[in-house]
Amino acid sequence: MTEDQFIMKVVNTLTIVELHKITPELENECTQLSVSTEQLDLVASNADSLVHAVNEPTSVPYGIFAEGKMVGFILFDNERYTDGYYWILRFMIDGKFQGKGYGKLAIKEVIKMLRAREDCKQIRVSHIPHNLNANKLYKDMGFTETGELEDNGDIILGYSM
187 MTEDQFIMKV
197 VNTLTIVELH
207 KITPELENEC
217 TQLSVSTEQL
227 DLVASNADSL
237 VHAVNEPTSV
247 PYGIFAEGKM
257 VGFILFDNER
267 YTDGYYWILR
277 FMIDGKFQGK
287 GYGKLAIKEV
297 IKMLRAREDC
307 KQIRVSHIPH
317 NLNANKLYKD
327 MGFTETGELE
337 DNGDIILGYS
347 M
């Protein structure tokens, strides 16, 4: 392990990430977050995701907070399904805050939240095929490709509980 890797590991163990439900007071801050320009075609905007959440009442939007700032956004399905699958529908870390480990810590929080549900057998997420960074992040967190694709061709990954 190099000195740089050790420092990053220490920083990650000291960093706390919290998920806070997006309230009307947080909506503007949430919609101001954006991925980098070259990533814009990889994820929906947070404004679109908030509209999705309004139209799908079982979808719960959360701001990802680190060091007192909103650094990202995650939307997951809160509906209880008979198949035991819970879906992360949208996930992003603002371009200014990427590479700091916040994404991994946020995914850990979602896993912890959903693990508390007896009916949750698997957490699922999908991404467009050329989003290699998302694929690596999810696999680093223990997700595996299911071999299934969404109707639009997105790759589906699952995290078994």
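Everything in the sequence shown is counted per my numbering, starting at 187 for the first residue and increasing by one. Glycine residues also receive a C-beta, built at the ideal position from the N, C-alpha and C atoms. A quick note: this is a predicted structure, and the numbers were derived from the prediction, not measured.
Does DSSP put residue i in a helix, a strand or coil?
i    : result
T188 : With a pLDDT of 47 at T188, under the threshold of 50, the modelled position of this residue cannot be trusted; read the value that follows with caution. In the structure shown, T188 sits in coil (DSSP, three-state: anything other than H, G, I, E or B).
D156 : Lying before the first or after the last residue shown, residue 156 is absent from the chain, which here runs from 187 to 347.
K286 : coil
T209 : coil
M327 : coil
S346 : strand
S312 : strand
E204 : strand
R303 : coil
L335 : strand
S220 : coil
V196 : At V196 the pLDDT is 45, less than 50, meaning the model places this residue with poor confidence and gives no usable figure here.
D269 : coil
Please work out which residues of its chain come closer than 7 Å, Cβ to Cβ, to residue i, disregarding the five sequence neighbours upstream and downstream, and give them in chain order.
i    : result
D340 : S312, H313 and I314
E233 : Here residue 233 turns out to be Ala, not Glu, going by the sequence shown. For A233, where only same-chain residues beyond five positions count, the Cβ hits under 7 Å are T217.
Y324 : V311 and L343
Leaving aside the five residues before and after residue i along the sequence, list all residues of the same chain whose C-beta is less than 8 Å from its C-beta, in chain order.
i    : result
D326 : K290
M347 : L300, R301, C306, K307, Q308 and I309
L219 : N232, M256, V257, G258, F259, M278 and D280
Quick test of your reading: residue i and residue j, contact by CB under 8 Å. State the CB separation rounded to the nearest angstrom.
i    : j    : result
F329 : L343 : 4 Å
F262 : V296 : 6 Å
Q284 : Y345 : That pair is no contact at about 21 Å.
G258 : A292 : 6 Å
V203 : Y288 : 6 Å
Y267 : H206 : Not quite, the Cβ-Cβ distance comes to about 25 Å (not below 8 Å), so this is no contact.
Which residues share a DSSP beta bridge with residue i?
i    : result
D263 : S245
G258 : I250 and I279
I274 : F262 and V311
I341 : H313 and L335
Please indicate yes or no: does the CB of residue i lie closer than 7 Å to some heavy atom of the ligand FAD?
i    : result
I274 : The ligand FAD is not part of the structure shown, which contains no ligands of any sort.
Give every residue of the same chain whose Cβ lies closer than 6 Å to the Cβ of residue i, excluding the five residues on either side of it in the sequence, and list them in chain order.
i    : result
Y271 : Q308 and R310
E336 : S312
G333 : none
Check whether the region 207-224 touches the region 233-244, taking contact to mean three or more Cβ pairs, one atom from each stretch, closer than 8 Å. yes
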